[in-house]
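A short write-up of the structure that comes next.
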Amino acid sequence: MGGDIDKNSKRVLAIGVLFAAVGILALGIALTQPEMKDERAREANEIFNPEYSVEQKAEVLATLSASSTGADVSEEEKLRILESLSTQ
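Okay, structure coming up:
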C-alpha cells in the first residue's frame with residue numbers, strides 16, 4: 039500500500055512539473071512576440087499631446103484625413119478632435 043501512495047505522489051509531481059514547464063514556455067513565447075503598433079493610437083496621441091501647437095495638431099489631423107476615407111471614424115470623434123483644436 040505504501041508503494042501505491044509513493045507511485046501516485048510521483049505521478050502528481052511529474053504532472054505538476056509538466057504543467058509548470060508548459061506555462062513557462064508559453065510565458066516565454068508571449069514575452070518574445072513583437073509589439074503590435076497601432077498607427078491610429080499613435081496619431082491620436084500626437085493630436086492630444088499638450089506640448090504640440092495648434093498648427094502641429096492641425097497638420098496631424100490633415101494627415102489623418104488625407105490618409106483615410108474617414109468612413110471608419112465616427113462624426114462624434116471628428117467633432118471631438120476639432121473641438122479640442124479650437125479650444126486651444
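Terminal number for the sequence shown in the numbering used here: 126, no gaps in between.
Each residue gets a CB set at the ideal place from its N, CA and C atoms; glycine is no exception.
Classify residue i as helix, strand or coil using the three-state DSSP reduction.
i    : result
T101 : helix
E93  : helix
S112 : coil
E121 : helix
Pull up the distance between the alpha-carbon of residue i and that of residue j, whole angstroms please.
i    : j   : result
I43  : Q71 : 42 Å
E128 : I67 : Residue coverage of the chain in this structure runs from 39 to 126, which leaves residue 128 outside it and unanswerable.
N46  : A58 : 18 Å
S124 : E89 : 15 Å
V92  : L69 : 38 Å
S112 : V55 : 51 Å
E115 : A52 : 55 Å
R118 : A96 : 13 Å
For a cutoff of 8 Å on Cβ pairs, would you count residue i as touching chain B?
i    : result
R118 : Checking the listed chains, one finds no chain B in this structure; it contains a single protein chain.
Candidates the options: which alpha carbon is nearest residue i's?
i   : options               : result
Q94 : S122, E115, E114, V60 : S122
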